[in-house]
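Enquirer:
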Amino acid sequence: MTTMINGHSSTPSTQAHGNGTAAAQNGHADHVFDSIADAIADFAAGKFVVVVDDEGRENEGDLIIAAEKVTEAKMAFMVRHTSGLVCAPMLPSRCDALGLPLMVPPEEHTESHGTKYTISVDAEAKTTTGISAHDRALTCNLLADPTSTPGHFVRPGHLLPLRYQPGGVLARRGHTEAGVDLCRLAGLQPAAVICEVVLDNGKMARRDDLRVFSREHGLKLITVEALAQYIRGKLAKEGGDWTIA
Numbered sequence: 376m377t378t379m380i381n382g383h384s385s386t387p388s389t390q391a392h393g394n395g396t397a398a399a400q401n402g403h404a405d406h407v408f409d410s411i412a413d414a415i416a417d418f419a420a421g422k423f424v425v426v427v428d429d430e431g432r433e434n435e436g437d438l439i440i441a442a443e444k445v446t447e448a449k450m451a452f453m454v455r456h457t458s459g460l461v462c463a464p465m466l467p468s469r470c471d472a473l474g475l476p477l478m479v480p481p482e483e484h485t486e487s488h489g490t491k492y493t494i495s496v497d498a499e500a501k502t503t504t505g506i507s508a509h510d511r512a513l514t515c516n517l518l519a520d521p522t523s524t525p526g527h528f529v530r531p532g533h534l535l536p537l538r539y540q541p542g543g544v545l546a547r548r549g550h551t552e553a554g555v556d557l558c559r560l561a562g563l564q565p566a567a568v569i570c571e572v573v574l575d576n577g578k579m580a581r582r583d584d585l586r587v588f589s590r591e592h593g594l595k596l597i598t599v600e601a602l603a604q605y606i607r608g609k610l611a612k613e614g615g616d617w618t619i620a
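Residue numbering for the sequence shown follows the working numbering, beginning at 376 and increasing consecutively.
1. Classify valine 587 as buried or exposed, calling it buried when 16 or more other Cβ atoms lie within 10 Å of its own Cβ.
2. The alpha helix (DSSP H) with methionine 453 in it runs from where to where?
3. Return helix, strand or coil for glutamate 430, following the three-state DSSP convention.
4. Which same chain residues end up closer than 7 Å to alanine 580 when comparing Cβ atoms and leaving out the 5 residues on each side of it in sequence?
5. So, does the CB of histidine 592 fall closer than 8 Å to a CB anywhere in chain B?
6. Can you tell me whether aspartate 437 is helix, strand or coil according to DSSP?
7. I need the DSSP call for arginine 548, collapsed to helix, strand or coil.
8. Which same chain residues, not among the five before or five after isoleucine 440, have their C-beta less than 6 Å away from its C-beta?
9. For leucine 560, count neighbouring C-beta atoms within 10 Å of its own C-beta (all shown protein chains included) and say buried if the count is 16 or more, exposed if not.
10. Is the beta carbon of cysteine 462 sitting closer than 8 Å to the one on cysteine 570?
11. From the DSSP output, read off the bridge partner residues of threonine 573.
12. Does the contact criterion of 3 or more C-beta pairs under 8 Å hold for the region 482-497 versus the region 531-544?
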């Protein structure tokens with residue numbers, strides 16, 4: 376039986392495809408993963424999508440949702456099933472507009488995947504300590520609100536914005552870029568919320584675990600690579616430039 380998350384349930388597709396790359400380009404699912412087109416539709420409707428990066432990279436799956444779609448209940452679900460280190464990928468121009476410098480200067484950055492953390496933030500108004508599901512959801516919503524200003528936030532806080540790499544997953548195969556790219560494809564504000572899915576024992580959830588988790592909770596499961604292939608196919612068909620800062 377499928378668990379209800381956003382007011383309705385979802386059951387996995389049983390149709391398999393022999394060519395994963397071609398399937399991704401056409402928006403179809405393969406043996407394990409859902410179609411990018413279906414994931415975008417769910418994402419636009421405010422549902423979480425589980426996104427897996429390459430097995431040779433982090434080999435992790437993140438719960439990803441649009442920042443403007445986060446509610447207290449959805450944040451509580453995210454924290455319950457993840458590491459709890461909730462991050463908010465955003466465009467560099469938006470980080471600059473909100474006065475969010477990098478946590479570590481580029482010359483001092485030693486993290487292996489080049490993740491660009493900014494200083495942490497909380498919403499300034501209508502919050503208490505900033506760590507509750509209510510408070511973090513409000514902070515997410517404010518980060519996505521194009522009318523927000525630096526004065527709407529206190530620093531440091533309990534939410535970690537991340538600077539998106541211009542070019543998205545075509546330039547960097549990270550969850551940061553996948554989150555913002557899903558927002559762009561869904562026609563939403565380019566600010567996402569991400570966190571790594573973990574098992575009950577605290578270990579990282581891997582692909583088989585993520586497949587079970589996604590089906591149990593009625594969530595679409597996709598890969599960063601398939602998302603990149605989808606965007607390539609979209610650009611080849613429609614033209615345009617995916618670079619945005």
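From the three backbone atoms N, C-alpha and C, an ideal C-beta is built for every residue, glycine too. Note that the structure is predicted; figures quoted are calculated from it, not measured.
Expert: The structure says:
1. exposed
2. 447-456
3. coil
4. Gly436, Val572, Val573, Leu574, Phe588
5. The structure shown has no chain B; it contains just one protein chain.
6. strand
7. coil
8. Phe423, Val568
9. buried
10. yes
11. Looking at the sequence shown, residue 573 is not threonine but valine. Met579, per the DSSP bridge assignment.
12. yes
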